[in-house]
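Heads up, the sequence shown is in UniProt numbering, so the first residue is 1 and it goes up one at a time. Below is one structure, written out as structure tokens, with a few remarks after it.
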Amino acid sequence: MYKTGQFDTVYHEHISFFTAHSFKKIAETVGLRIVNFEITPIHGRSCLVTFQRVRMSGTFFDTVFQTQHVPSLSLAIQKECDLGVKETWFYVKYQAQALALRRWIVHQLATLHNQDHTIVAYGAAAKGMVLLHFLLESSDGLW
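What follows is the structure, given as structure tokens:
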């Protein structure tokens, strides 16, 4: 999502996005541990996480098993650190990508409009509506 500037997945039903960091914190807070962590390309990027309740029996097996990090989670956390997802500049860059795309689309549509093409939008898909509203913010009354 962030690599390709897919901002259209962010709308009223999806106003927060989770990371390996946030899932790890959630698990620790509520007494769970992550036994599997995967990233999928669904909707730009989705996390598939399997949690397990931490047993509090205090046995050696439970203690060792609880403190082990799932390699896939550790790798995802390291990648997030390398990408800078916990840093402000990461989101400034993401915003800049979205704004650059909006400028490009508005320019393309303005060119078509100036060539007397009719521009029509049809449908009410959530991503389409996000894009339309985003474009309308900068259209300067073009359409």
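For every residue, glycine included, the Cβ atom is placed at its ideal position computed from N, Cα and C. Predicted, not measured: the structure shown is a model, and the values here were computed from it.
Do you know whose CA, among LYS24, GLU28, SER138 and LYS79, lies nearest LEU101's CA?
SER138
Hey, LEU76 and ILE39 are a contact pair by Cβ (cut 8 angstroms); roughly how many whole angstroms apart?
Looking at the sequence itself, residue 76 is Ala, so the reference to Leu does not match. Their Cβ separation, rounded to whole angstroms, is 6 angstroms, which keeps ALA76 and ILE39 in contact under 8 angstroms.
Backbone secondary structure at GLN52 - three-state DSSP
strand
To the nearest angstrom, report how far apart PHE134 and GLN108 are at their CA atoms.
15 angstroms
Alpha-carbon to alpha-carbon, ASN36 and LEU48
8 angstroms
Tell me which residues share the same chain as residue 149 and place their Cβ nearer than 7 angstroms to its Cβ, disregarding the 5 neighbours each side in the sequence.
Because the chain here runs from 1 to 143, residue 149 falls outside it and cannot be looked at.
Just checking my contact of LYS24 with LEU73 at CB under 8 angstroms: how many whole Å lie between their CB atoms?
7 angstroms
With a Cβ-Cβ cutoff of 8 angstroms, do PHE51 and ALA27 count as a contact?
yes
Using a Cβ-Cβ cutoff of less than 6 angstroms, which residues in the same chain neighbour THR63 once the five nearest sequence positions on both sides are dropped?
Unreliable positioning characterises THR63 in this predicted model, as indicated by a pLDDT of 48, which lies under 50. The coordinate reading is nonetheless provided below. Closer than 6 angstroms at Cβ, skipping near neighbours: no residue.
Taking DSSP as the reference, what is the three-state secondary structure of THR111?
helix
Taking 7 angstroms as the limit between beta carbons, can you name the residues of its chain near ASN114, skipping five residues before and five after?
none
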